[in-house]
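Structure, as structure tokens:
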DNA sequence: TTCCGATCCGGACTATAGTCCGTATATGGA
DNA sequence: TCCATATACGGACTATAGTCCGGATCGGAA
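Chains as they are written, first to last, in our numbering: chain P, 18 to 241; chain C, 18 to 241.
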């Protein structure tokens, strides 16, 4: 999620349902809210029409009936728009992770939850590869700057910590040099969209064949 | 290496010293050869002068005293130039891997060679982060398209295969769905420049603190 | 030495992301 | 209702990567 104070997004608003990654923000003015909606809708259409390559900022502004300045007022950049679109598609998975039934949700042992997460995450990425790649493009940091990244990583971190200690997960907080955190980041690197794209679209492998192999690798990292 | 039939580069020329990734190519015309040199030299200067951000194609063409068409005749794109520059800096490491003393070179067990490789590779990436990031930027595929990627991956693949079978390494050739290959690719994902940049420059960690943790993770993946 | 085709060169041109800022509009208080 | 001001809007503008093609140049053959 890269959009600025978007009221349509529950993610990161600190309402308790999601990780409070971002402080609440003043509500948008009514016209801004309308425009934001128009842009997102136009982006969805344009994407359906012409695919990711056809999604240019000029065309998007034209279709949404707004100026480019408005685009950039509502979204930091092009990947930011992709992020906002993805947000919608991901919210459901977030809540299943945080409050759904096990093994994806709480209630199962860390190892099983991790396996369930890897499965769900890979399918999510694979199902939205174009958008995710767009999100991760633009600068090396791409992948890490989107707000969803910290969410995923933190989830993995907590699960690994649980596997290690079998106690309360909050132990692994805060400290970036924590080996648990490093492992979580390594897991996320293996699950990166660029890597998945390589496997799926360049090597022609299938998700079904890939997932078990990746599961094995991820488990090994977690247990390392 | 992304440059077209570059006579200054031994890498990938199929001369037996390096993996024959690319067939030999007709030699460049004398003027083209001169221009290629001028461009590479100018790029080095420009990089020293203004850093990666100052390295624009127009300015590079101006400094090299050639037109932009010449730039793009000699190098596929901007990352390609970065690749060519990196090539020079990496050739030494390649030969140490292939014919230097153990544990980096042949003669040590696969596990030890892998550890030595991870150490050398991370230091290489860290020492050239700007260039490598430039190389990997531009499109998701970035990281995989440069010719050095197959080289590294293959090396890791061979070492892992050796760890597994303790026999001749050529078993793992060719087949992209080979689990050994998947593991090698996972290792490379963890060692990606974007990830290292995240750790080093965004989280402020140090190489010395990071390397042992990564070693552990890589070993776990290899043994998975 | 001269000639000819293959190869290469230069720089104007296109496409696109992202910036800037003068103008317009919304919103809350008097 | 009207005003003041913070906020938002639009679209021209800048910066940059990469394309295109007419003309120049190379280098081997006669």
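By construction, the Cβ of each residue, glycine as well, lies at the ideal position given by its N, Cα and C atoms.
Presumed contact (8 Å Cβ cut-off) between residue i and residue j, rounded CB distance
i                      : j                      : result
residue 206 of chain C : residue 212 of chain P : 5 Å
residue 238 of chain C : residue 198 of chain C : That pair is no contact at about 12 Å.
residue 176 of chain P : residue 131 of chain P : 5 Å
residue 121 of chain C : residue 134 of chain C : 7 Å
residue 145 of chain P : residue 88 of chain P  : About 21 Å; that fails the 8 Å criterion.
residue 74 of chain C  : residue 95 of chain C  : 6 Å
residue 161 of chain C : residue 222 of chain P : Contact doesn't hold; Cβ gap of about 14 Å is too wide.
For residue j and residue i, the rounded distance between their alpha carbons
i                      : j                      : result
residue 93 of chain P  : residue 100 of chain P : 10 Å
residue 113 of chain C : residue 52 of chain P  : 59 Å
residue 105 of chain C : residue 166 of chain C : 15 Å
residue 63 of chain C  : residue 71 of chain C  : 7 Å
residue 179 of chain C : residue 129 of chain C : 11 Å
residue 110 of chain P : residue 60 of chain P  : 22 Å
residue 236 of chain C : residue 163 of chain C : 25 Å
residue 209 of chain P : residue 215 of chain C : 14 Å
residue 65 of chain C  : residue 154 of chain C : 20 Å
residue 186 of chain C : residue 172 of chain C : At residue 186 of chain C, the pLDDT of 48 sits below 50, so the modelled position is not reliable; the number obtained from the coordinates is stated separately. Spanning the two alpha carbons is a distance of roughly 10 Å.
residue 203 of chain C : residue 226 of chain P : 15 Å
residue 79 of chain C  : residue 49 of chain C  : 16 Å
residue 117 of chain P : residue 86 of chain P  : 40 Å
residue 232 of chain C : residue 195 of chain P : 15 Å
residue 124 of chain P : residue 181 of chain P : 16 Å
residue 119 of chain C : residue 168 of chain P : 42 Å
residue 67 of chain P  : residue 76 of chain P  : 11 Å
residue 47 of chain C  : residue 58 of chain P  : 56 Å
residue 192 of chain P : residue 170 of chain C : 31 Å
For residue i, the three-state DSSP class (helix, strand or coil)
i                      : result
residue 123 of chain C : strand
residue 233 of chain C : helix
residue 55 of chain C  : helix
residue 143 of chain C : helix
residue 149 of chain C : helix
residue 85 of chain P  : helix
residue 46 of chain C  : coil
residue 158 of chain P : coil
residue 244 of chain P : Residue 244 of chain P cannot be examined here, being either before or after the span of chain P that is shown, 18 to 241.
residue 209 of chain C : coil
residue 72 of chain C  : coil
residue 240 of chain P : helix
residue 118 of chain C : coil
residue 223 of chain C : coil
residue 113 of chain C : helix
residue 108 of chain P : helix
residue 198 of chain P : helix
residue 80 of chain P  : helix
residue 163 of chain P : coil
DSSP beta-bridge partners of residue i
i                      : result
residue 134 of chain C : Beta-bridge pairing links residue 134 of chain C to no other residue.
Other residues of its chain near residue i: CB distance less than 8 Å, five sequence neighbours each side excluded
i                      : result
residue 224 of chain P : 139, 140, 143, 217
residue 159 of chain P : 96, 152, 153
residue 84 of chain C  : 78
Sequence-distant residues of its chain with Cβ nearer than 7 Å to residue i (five each side left out)
i                      : result
residue 234 of chain C : 207
residue 82 of chain C  : 55
residue 137 of chain P : 110, 121
residue 228 of chain P : 136, 139
residue 98 of chain C  : 60, 92
residue 174 of chain C : 189, 197, 198, 201
residue 241 of chain C : 200
Any non-hydrogen atom of the ligand HEM within 7 Å of residue i CB
i                      : result
residue 107 of chain P : In the structure on display, the ligand HEM does not appear, and there are no ligands present to speak of.
Cβ-based neighbour list, residue i, same chain, cut-off 6 Å, excluding 5 preceding and 5 following
i                      : result
residue 147 of chain P : 69
residue 127 of chain P : 176, 179, 180
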